Amino acid sequence: MRVRVLHHWVPILFIFLAAYPFLPFATATRGEQFTLLLIYAMLALALNVVVGYTGLLHMGIAAFFGIGAYTVGILTVPYFPFQQSFLIAVIAAVCTASFISVAATAPTLRLRGDYLALVTLGFGLITLYAIRNLQSITEGTDGMNPIEPGPLPGIVGDDMSAFRFAETWGRQWYKFPYMYFLVLVTLGAVFRILRNLERSSLGRAWVAMREDELAASCMGLNPARLKLAAAAISAGLAGLAGAFYVVAQRTTGNPQAFDFTLSMIMVCCLILGGLGNRAGVLLGVILLLGFDRILTPILDNWIQEFITTGGKSYLKLSGWRLIIFGMALILMMRFRPAGLLPAARVQHELENNERRDS
Amino acid sequence: MLEVFATSDVGGGFGQYLLLGLVAGSLYALIALGYTMVYGIIELINFAHGDLFMLGAFLALQLAVELGAKTADDGTATISVALFVIILLTPMACAALNVTVERLVYRPLRNAPKLAPLVSAIGVSFVFMNLGLFWMGATPVKFPDLIPDDNLLTGSGYRVTWKDVMVIGVTVPTMIALTLFVRCTPLGTAMRATAQNPVAARLMGINVDRVIAATFAIGGALAGIAAVIYGLYIKGVGYQMGFQNGLYAFTAAVLGGIGNIPGAVIGGLVIGIVGELAKAYVDPKWSEAIVFGILIIILIFRPNGLLGARTREKV
């Protein structure tokens, strides 16, 4: 029975998160942290399409997160003439990220694993430099703000008081908990779509290619087309996450937020949770980013009550974050390379065999 | 990054930029050798190598301060002793650290899928970076200015200092020694054999684990030498310097054909010169993007690098 409950932790988590804003102890700050976590979960699921399903190491996912974010920024920020609504901007962000990804992946299709990883790394860095240097468009390190678009074409949405459930709820649609619900529903939809995608012929073809590209191509699969599809879907989802990110933050912030570290943290989440397994990816994001963004500040405040840190980074838990991430990667690779929740495919096959035997 | 190269008060001109590029390139080449040797032997992109270089620079700085060599006015004797100790101890410490990491982290993963050691290397890189952060703090620190900055060729229109002489004077003999070592010594031969085919090498009685450990030791020592020179030349070190210098060096290794020792040197020089020329003639802000753009273009059109041998994927 215990196993059954564990099997269904993802729906339980979603139900809890959906109920969270109605709970008496809910605060807007915590809710906004949860929103951010859910957005990163979306980004991790996006990365999982390439790394988990097709087995290609992608080290520049943050670039597409950034492209999505800046597309929304350019289309909605007041000092540009576009002034589009959020819906239009999101669609544009997804399309732009997908298109750039396909255009950047197409010439690199014949590369082997390590080299492909390097190309994605280089692409991520170039995108970051471009964002930082094109100051006339992206505002450089200052970031574009305010990003406060209306939700749909023709609707401003800056007064949601009619829909407020509690006094603590914000008035604007892009604040907690409206944005939170929107992100939660989108994440749920992405989760569901990816589940279907995994089971579709495309998803099965990806896995076949991951296991043995030569054998897969001998069976009539077209690896080039499969890789392009994975790159497009992955980048599109990352762009979607980026679009939500800027609106939830109401600024693009410092381009540093889209750098190599973010790409690597996403890879960490995937590896910690379990490559190729959606639930595992979710768990990885909750553990790693939940620790980084939510637990660490709480514990740091707690530590500060006992000792004066005096600016020494090793006396604060946040100073240890890279060591913790690094050790997580090293230890996982050493002792549990398939992740905390290994992909279901292997388990599934084992279960089926048992059933057939009995 | 290497801002000093671009902003130093030189007369300018193509030749001067070429010289600056040559100096920067020699540094990249030293770091690139560590990448290329490790990749050549176990096909691992050692992401931690750049951060090992960073820790080496921090150790050199710490040693210099401990030995009382804080400025160029501290007396020739003090500085000579300090320089001697630094150039001796830093590479040894880097080599020891690299071998330890290899023993603890990469060796247990020798038979794991290729992704496993790569991801572990990223993990090691994170740990090193955090250690660097603890050691010297988040802001870049000044490295003691121990070597005089006087122009040796006053009036010629070029600017060559003792530092430039030092960089060339250290890197060129190091590379020659390395080439001779790999070509002529038994251990070097064993390395080449292991790189070609580890199984066959083992069958021929080569202790492959020891050869791999030796490769990491040499790579680490080269990173240590590069770290000392970098500190003395650039005069500023920070915990994030490993990442970008490492990537430049790695680009150099790929450019020359990864796994290929002369290739790494040529790649390093090309990257250094291209970076400097881009800074001088295009825009300093875009020079990094240009270097990584070259990386991508090389990977697309000539994945085996300038000198790399054509390898076929094993089926």
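Quick note, the sequences are listed as chains A and B, same order.
Per the working numbering: the first sequence ends with 359, consecutive numbering throughout.
Per the working numbering: the second sequence ends with 423, consecutive numbering throughout.
The C-beta atom is built at its ideal place from N, Cα and C for all residues, glycine as well.
Keep in mind it's a predicted model, so treat the numbers as computed, not measured.
In the structure shown, what three-state DSSP assignment does residue i receive?
{"i": "B:T302", "result": "helix"}
{"i": "A:N302", "result": "helix"}
{"i": "B:T269", "result": "strand"}
{"i": "A:N278", "result": "coil"}
{"i": "A:N146", "result": "coil"}
{"i": "B:N412", "result": "coil"}
{"i": "A:Q257", "result": "helix"}
{"i": "A:Y54", "result": "helix"}
{"i": "A:L1", "result": "An answer regarding residue 1 of chain A cannot be provided, because it is not within the stretch 2 to 359 covered by chain A."}
{"i": "A:W10", "result": "helix"}
{"i": "B:P199", "result": "helix"}
{"i": "B:T312", "result": "Checking the sequence shown, residue 312 of chain B turns out to be Met, not Thr. Three-state result, B:M312: coil."}
{"i": "B:M274", "result": "helix"}
{"i": "B:M349", "result": "helix"}
{"i": "A:Y80", "result": "coil"}
{"i": "B:M109", "result": "Caution applies to B:M109, whose pLDDT of 43 falls short of 50 and renders its modelled position unreliable; the value that the coordinates give is listed next. Reduced to three states, the DSSP call for B:M109 is coil."}
{"i": "B:A114", "result": "Its pLDDT being 45, under 50, B:A114 is placed unreliably in this model, and the value from its coordinates should be taken loosely. Reduced to three states, the DSSP call for B:A114 is helix."}
{"i": "B:F324", "result": "helix"}
{"i": "A:M2", "result": "In this prediction, A:M2 scores a pLDDT of 46, lower than 50, which makes its location untrustworthy; no coordinate-derived value is stated."}
{"i": "B:T282", "result": "helix"}
{"i": "A:G340", "result": "coil"}
{"i": "A:M220", "result": "coil"}
{"i": "A:L24", "result": "coil"}
{"i": "A:K317", "result": "coil"}
{"i": "B:V193", "result": "helix"}
{"i": "A:R357", "result": "Note that A:R357 has pLDDT 47, beneath the 50 cutoff, so the model's placement of it is unreliable and no number is given."}
{"i": "A:S264", "result": "helix"}
Which residues does DSSP list as the beta-bridge partners of residue i?
{"i": "B:K250", "result": "B:G344"}
{"i": "B:N259", "result": "B:T269"}
Would a C-beta distance cut-off of 8 Å place residue i and residue j closer than the cut-off?
{"i": "B:G413", "j": "B:L355", "result": "no"}
{"i": "A:W303", "j": "A:Y54", "result": "no"}
{"i": "B:P225", "j": "A:R335", "result": "no"}
{"i": "B:D253", "j": "B:T269", "result": "no"}
{"i": "B:I149", "j": "B:M299", "result": "yes"}
{"i": "B:I139", "j": "B:A334", "result": "yes"}
{"i": "A:G1", "j": "A:L58", "result": "There is simply no residue 1 of chain A to check, as chain A begins at 2 and stops at 359 in what is shown."}
{"i": "A:A90", "j": "A:T77", "result": "yes"}
{"i": "A:F23", "j": "A:F166", "result": "yes"}
{"i": "B:G164", "j": "B:A331", "result": "yes"}
{"i": "A:N278", "j": "A:A344", "result": "yes"}
{"i": "A:R211", "j": "A:P147", "result": "no"}
{"i": "B:E384", "j": "A:Y130", "result": "no"}
{"i": "A:D301", "j": "A:L284", "result": "no"}
{"i": "A:C270", "j": "A:L289", "result": "yes"}
{"i": "A:I127", "j": "B:F400", "result": "yes"}
{"i": "A:L341", "j": "A:G254", "result": "no"}
{"i": "B:V275", "j": "B:I230", "result": "no"}
{"i": "A:P178", "j": "A:G32", "result": "yes"}
{"i": "B:T323", "j": "B:V209", "result": "no"}
{"i": "B:A321", "j": "B:V207", "result": "yes"}
Tell me the residue span of the alpha helix (DSSP H) that contains residue i.
{"i": "A:R211", "result": "202–212"}
{"i": "B:H157", "result": "157–174"}
{"i": "A:A233", "result": "224–250"}
{"i": "B:T179", "result": "No alpha helix (DSSP H) holds B:T179; DSSP gives it neither H nor E."}
{"i": "A:L119", "result": "114–134"}
{"i": "B:F234", "result": "223–244"}
{"i": "A:T77", "result": "62–77"}
{"i": "A:Q1", "result": "Because chain A is modelled from 2 through 359, residue 1 of chain A falls outside the range shown and cannot be assessed."}
{"i": "A:L39", "result": "29–49"}
{"i": "B:I149", "result": "122–150"}
{"i": "A:M328", "result": "322–336"}
{"i": "A:I92", "result": "87–106"}
{"i": "B:K387", "result": "369–389"}
The ligand ZN and residue i: does the residue's C-beta get closer than 7 Å to at least one heavy atom of that ligand?
{"i": "A:C270", "result": "This structure lacks the ligand ZN, and indeed carries no ligand of any kind."}
Should the stretch 240–248 of chain A be called in touch with the stretch 69–84 of chain A, which here means at least 3 C-beta pairs below 8 Å?
yes
Assess contact between the stretch 224–244 of chain B and the stretch 311–323 of chain A, defined as three or more Cβ pairs (one per stretch) separated by less than 8 Å. Is contact present?
yes
Mind the definition here: the stretch 79–89 of chain A touches the stretch 124–131 of chain B only if three or more C-beta pairs lie below 8 Å; say whether that holds.
no
Determine contact between the stretch 178–192 of chain A and the stretch 30–50 of chain A, defined as no fewer than three beta-carbon pairs at a distance below 8 Å.
yes
Is it a yes or a no for the stretch 372–391 of chain B touching the stretch 318–332 of chain B, going by three-plus beta-carbon pairs under 8 Å?
no
With three or more beta-carbon pairs closer than 8 Å as the criterion, would you say the stretch 59–68 of chain A touches the stretch 210–227 of chain A?
no
Do the stretch 241–253 of chain B and the stretch 341–349 of chain B touch if we need at least three Cβ pairs shorter than 8 Å?
yes
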